[in-house]
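Engineer: Residue numbers (my numbering): 1 to 419.
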């Protein structure tokens, strides 16, 4: 994604996001088992919109983008005001599969469209799993009738479980608000635990709302800006996947006048709520990072530009030395400032300060090495969630990245993934 950063919704502090069961009026969902890769668990998820929905998407920028990503982009270009269905399979990524992979993806969309009585371009598809193998169409097609028959308003938890790969827990979030005096729901599910980096990665996120929002406003304004503040501000291991897919559908069942411009209080309220839901889903992904035991919030402030702050924050967040130090609960300030120093940003080390939680461990370019500081910093690092604040003293720009530690289990999970 390439565009100027504009904050998505300024009043997110007033948005209450829950992880309770939810329904989105006008949408029905289902999960089923095809057995394409996994045995004894659902691996297909379907979202059905009773009305033609405005659709929007944000996708990987990996040059080896998967077949479903290409097909999703094509279908959104043709039917962004009339999306009816989203189909996701877990276990096989359908990436690096050439023309056969594209054919299989298109045939899958066409088969589902036939069964639902809609046009194939009204179907969006996404895949996640192992890169390389072709989709197994026979078991996939055999599972479609069960999937369609199982559609219900309240199966979002089943959808969240069906799209999991190396995730250990399902992830969903929702919020409720009023637009033009009408109650509105925004709810979504996500998967992702490894290969999470900026520009999204091994990430599938599906968000639906009964709000009436035009496709251009949903796509070009609110969704991209909310993604920048959420999924593009997290990292697990610095790897970017072939299959990143964030989809948003606005069905309009709430019945309020359509939001057709980014301006105005209702549009701002919608943007803030969407951002809050995506931020919560992104936070759940970091907490479920492969083998993760801790979440670190890396805040860089006092930069000359947001680009500088972002670059330093991600350099720190993606440093294996930093991540292993936090796993070991070692208040190793040296690894943090060393990562900041190699980020390629011009800074004056004598102005830099670093805090772990409320404990200042480095100030004006020098460490604070008293036993009291060491003990206090060590207690901060024993927490499950650790705030890290690097102040540069150069300007007013800031950026925050969420990441997790590297544990022994991270290596084991990824070493064993294909077995």
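The beta-carbon is built from N, C-alpha and C at its ideal position, and this holds for glycine as well.
Can you grab the Cα-Cα spacing for the pair residue 259 / residue 217, in whole Å?
Structural biologist: In the chain shown, residue 259 corresponds to position 259, counting from 1. In the chain shown, residue 217 corresponds to position 217, counting from 1. Their backbone Cα atoms lie some 8 Å apart in a straight line.
Engineer: Using three-state DSSP, classify residue 178 as helix, strand or coil.
Structural biologist: Position 178 of the chain shown, counted from the first residue, corresponds to residue 178. The answer is strand: DSSP assigns residue 178 an E or B state.
Engineer: Are the CB atoms of residue 16 and residue 186 nearer to each other than 9 Å?
Structural biologist: Looking up residue 16 in the chain shown gives position 16. Looking up residue 186 in the chain shown gives position 186. Result no, Cβ atoms of residue 16 and residue 186 do not sit closer than 9 Å.
Engineer: Mark residue 169 as exposed unless 16 or more other C-beta atoms lie within 10 angstroms of its C-beta, in which case mark it buried.
Structural biologist: Numbered from 1 along the chain shown, position 169 holds the residue referred to as residue 169. Exposed, since its Cβ has fewer than 16 Cβ neighbours within 10 Å.
Engineer: Whose C-beta lies closer than 8 Å to the C-beta of residue 352 among residues of the same chain, with five residues either side of it excluded?
Structural biologist: Here residue 352 refers to the residue found at position 352 when the chain shown is read from its first residue. Hits under 8 Å: 337, 340, 362, 364, 365, 390, 391, 392, 393.
Engineer: Applying the 10 Å Cβ sphere with the 16-neighbour rule, what's the burial state of residue 415?
Structural biologist: Translated into the one-based positions of the chain shown, residue 415 becomes position 415. The residue in question, residue 415, is exposed, as its Cβ has fewer than 16 Cβ neighbours within 10 Å.
Engineer: Which two residues bound the contiguous alpha helix (DSSP H) that contains residue 324?
Structural biologist: For the purposes of this step, residue 324 is identified with residue 324 of the chain shown, where counting begins at 1. It spans 320-327 - the alpha helix (DSSP H) in which residue 324 sits, taken as one unbroken run.
Engineer: Please determine if the region 31-50 and the region 81-89 are in contact, where contact requires at least 3 C-beta pairs separated by less than 8 Å.
Structural biologist: With the cut-off at 8 Å, the region 31-50 and the region 81-89 touch.
Engineer: What is the rounded straight-line gap between the Cα of residue 189 and the Cα of residue 368?
Structural biologist: In the chain shown, counting from the first residue as 1, residue 189 sits at position 189. In the chain shown, counting from the first residue as 1, residue 368 sits at position 368. Answer to the nearest angstrom: the Cα atoms are 44 Å apart.
Engineer: Quick one: Cα of residue 80 to Cα of residue 370, how far?
Structural biologist: As a first step, residue 80 is located in the chain shown; it is residue number 80 there, counting from the start. As a first step, residue 370 is located in the chain shown; it is residue number 370 there, counting from the start. Cα to Cα, residue 80 sits roughly 60 Å from residue 370.
Engineer: Could you check if residue 243 is buried or exposed, using at least 16 other CB atoms within 10 Å of its CB as the buried criterion?
Structural biologist: Position 243 of the chain shown, counting from 1, holds the residue named residue 243. It is buried - the Cβ of residue 243 has at least 16 other Cβ atoms within 10 Å.
Engineer: For residue 278, which residues in the same chain have their Cβ closer than 6 Å to its Cβ, ignoring the five residues on either side in sequence?
Structural biologist: For the purposes of this step, residue 278 is taken as residue 278 along the chain shown, with counting starting at 1. Once the five neighbours on either side are set aside, the close Cβ partners of residue 278 are 226, 230.
Engineer: Is it buried or exposed for residue 165, if we count other Cβ within 10 angstroms and need 16 for buried?
Structural biologist: Counting from one through the chain shown, the residue named residue 165 turns up at place 165. So residue 165 ends up on the buried side.
Engineer: Residue 191 bridges to which residues according to DSSP?
Structural biologist: Looking up residue 191 in the chain shown gives position 191. For residue 191, which the question treats as bridged, DSSP gives the partners 204.
Engineer: Determine the DSSP secondary structure at residue 147, reduced to helix, strand or coil.
Structural biologist: Along the chain shown, read from residue 1 onward, the residue named residue 147 stands at position 147. Looking at residue 147 - three-state DSSP - the assignment turns out to be helix.
Engineer: Tell me whether the region 246-259 and the region 134-141 touch, counting them as touching only if at least three CB pairs, one residue from each stretch, are closer than 8 Å.
Structural biologist: No, because fewer than three Cβ pairs between the region 246-259 and the region 134-141 fall closer than 8 Å, the two stretches do not touch.
Engineer: Let me check understanding here. Comparing Cα to Cα, which of 183, 172, 182 lies closest to residue 204?
Structural biologist: Translated into positions along the chain shown, residue 204 becomes position 204. Minimum Cα distance to residue 204 is reached at 172.
Engineer: My output table needs one value for residue 247: the three-state DSSP class, helix, strand or coil.
Structural biologist: Along the chain shown, one-based indexing puts residue 247 at 247. Looking at residue 247 - three-state DSSP - the assignment turns out to be strand.
Engineer: What residues match up with residue 128 in a beta bridge as DSSP calls it?
Structural biologist: Numbered from its first residue, the chain shown carries residue 128 at position 128. Per DSSP, 90.
Engineer: Excluding five sequence neighbours on each side, which residues of the same chain lie with their C-beta closer than 7 Å to the C-beta of residue 331?
Structural biologist: For this step, residue 331 is matched to residue 331 along the chain shown. Answer for residue 331: 356, 361, 374, 377, 378, 381, listed in chain order.
Engineer: Any idea what DSSP makes of residue 258, helix, strand or coil?
Structural biologist: If you number the chain shown from 1, residue 258 lands on position 258. Coil, per DSSP.
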